[in-house]
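**Student:** Next up is a structure, given as structure tokens.
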């Protein structure tokens, strides 16, 4: 159900932002790339628990760096025609990407736990 709500809101947002579609797409792409890099870097602490805080801080710094660089580059190329549409798009897709990555991680953790349980019973 949540998946369909996200798809519906994304499509409606894209239609409503029709005049400023470039701003909408820049917000979408920057949010997904920034959150993806932050997520990938921050959750390496599952392999190295001693570095958890350092990896979380570096993940935040990478997300901030990607966002700042992307906004500067987009403004230079005049892709952001409406800062308001960009900000709403970035906020929405940042939340959606975070939700998606956590659901993906939860899905794989459940699968790994099921495989481990199956291997222990045999």
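In my numbering, the protein residues as written are 1 to 122. C-beta atoms are modelled at their ideal positions from N, C-alpha and C, and glycine is treated no differently. These figures come from a predicted structure and were not determined experimentally.
In whole angstroms, what is the alpha-carbon distance linking residue 67 and residue 10?
**Tutor:** Looking up residue 67 in the chain shown gives position 67. Looking up residue 10 in the chain shown gives position 10. Roughly 20 Å separates the two Cα atoms.
**Student:** So, do the region 11 to 24 and the region 46 to 66 have three or more beta carbon pairs nearer to each other than 8 Å?
**Tutor:** Contact fails: fewer than three Cβ-Cβ distances are below 8 Å.
**Student:** Between 95, 5, 48, 21, which has its C-alpha nearest residue 34's C-alpha?
**Tutor:** Here residue 34 is taken as the residue at index 34 of the chain shown, counted from 1. Considering only alpha carbons, the answer is 95.
**Student:** Assuming residue 41 and residue 55 are in contact, meaning their beta carbons sit under 8 Å apart, how far apart are those beta carbons, in whole angstroms?
**Tutor:** Locating residue 41 in the chain shown gives position 41, where the first residue counts as 1. Locating residue 55 in the chain shown gives position 55, where the first residue counts as 1. Confirmed, Cβ separation roughly 6 Å.
**Student:** Go through its chain and collect everything with a Cβ distance to residue 58's Cβ below 7 Å, but skip five positions before and after it.
**Tutor:** Counting from 1 along the chain shown, the entry for residue 58 is found at position 58. Counting only Cβ-Cβ distances below 7 Å, and skipping sequence neighbours, we find 41.
**Student:** Can residue 81 and residue 23 be called in contact, C-beta distance under 8 Å?
**Tutor:** The residue given as residue 81 occupies position 81 in the chain shown. The residue given as residue 23 occupies position 23 in the chain shown. Yes, they are a contact pair.
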